[in-house]
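Read the structure below first, then the notes.
Residue numbers (the working numbering): 266 to 588.
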């Protein structure tokens, strides 16, 4: 799912206030900032450093701020910051060399500005260099679906607002329908039902479960419930009749809501690999290692299941880097 970051500022902008706002946004999204930058981000930062050097301000402090901004954007999975314009002063103070360098960069990268003649310098050279590379100015995209809003106050009455937006609306796009098959059996062994569930899952069932119930005359029984897509329904019904003692079943359609999910392979500290399902809800990510791959690692290494599961979850969530 695509995300975009929209920035609105008043009375100027500098790297410190943007770092504070982005840090707050990352924390509210329960995300973690990784030590290693993405390769694309590193390449863009080289362009930022070149701009600073051209302006004669190639300072280590500036580079640290730029790198911190890059890491925060990586954590939010945003490649660009969308902004309509920047405000800058235009009195006699802006005749200094640094201010002239700022105006040259604004002109070179066609960055829209709103001049305030009664005020002095409002933009820092570092933030202008950063936004020249990481900013998106000529965007016709609408904000989309709002995920989070942050307002941060800086020095000299400066205020910025960040809008983290999603390209799609989860509540609408993540809806689905499934077929539900149910049958009650009171003369079927646990082993037989277990085998039936294995057959159903291999044949394409989305899920299959057994629930203990009481039937008429207080007979102890099980209800077998199967979820499937419509195209699999007939085949799964045949398996239920073949592998259980059922002589009839209920079938109906249900709506369901599912979270967007992706699968990725991560590497543990011992080199073993685990597949992890990553789900997303309201900008937060949840990582669930897949059972079969965790089981395989346990069988090959002798490690405890919970140990492997917890490590895989931590790696997938970016909770620690130096494994």
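C-beta atoms are modelled at their ideal positions from N, C-alpha and C, and glycine is treated no differently.
If you draw a straight line from the C-alpha of residue i to the C-alpha of residue j, how long is it?
i	j	result
residue 496	residue 445	13 Å
residue 340	residue 525	18 Å
residue 589	residue 476	Since the first and last residues shown for the chain are 266 and 588, residue 589 lies out of range.
residue 425	residue 312	25 Å
residue 276	residue 305	31 Å
residue 348	residue 414	15 Å
residue 538	residue 427	37 Å
residue 219	residue 478	A question about residue 219 goes unanswered here, because the residues of the chain that appear run from 266 up to 588.
residue 343	residue 430	10 Å
residue 299	residue 574	21 Å
residue 566	residue 417	49 Å
residue 451	residue 268	52 Å
residue 284	residue 579	25 Å
residue 378	residue 350	5 Å
residue 270	residue 286	12 Å
residue 326	residue 554	40 Å
For residue i, which residues does DSSP report across the bridge?
i	result
residue 346	270 and 400
residue 373	Paired residues: none, contrary to the question.
residue 417	425
residue 519	443
residue 543	527 and 552
residue 449	488
residue 378	351
Helix or strand or just coil, what does DSSP make of residue i?
i	result
residue 386	coil
residue 538	strand
residue 441	strand
residue 495	helix
residue 584	coil
residue 511	coil
residue 559	helix
residue 480	coil
residue 473	strand
residue 309	helix
residue 459	helix
residue 275	strand
residue 356	coil
residue 298	coil
residue 465	helix
residue 486	strand
residue 533	coil
residue 391	helix
Inspect the beta-carbon positions of residue i and residue j and report whether they are closer than 8 Å.
i	j	result
residue 398	residue 324	no
residue 514	residue 448	yes
residue 367	residue 400	no
residue 494	residue 443	yes
residue 508	residue 461	yes
residue 291	residue 334	no
residue 392	residue 280	yes
residue 369	residue 402	no
residue 485	residue 470	no
residue 577	residue 505	no
residue 385	residue 282	no
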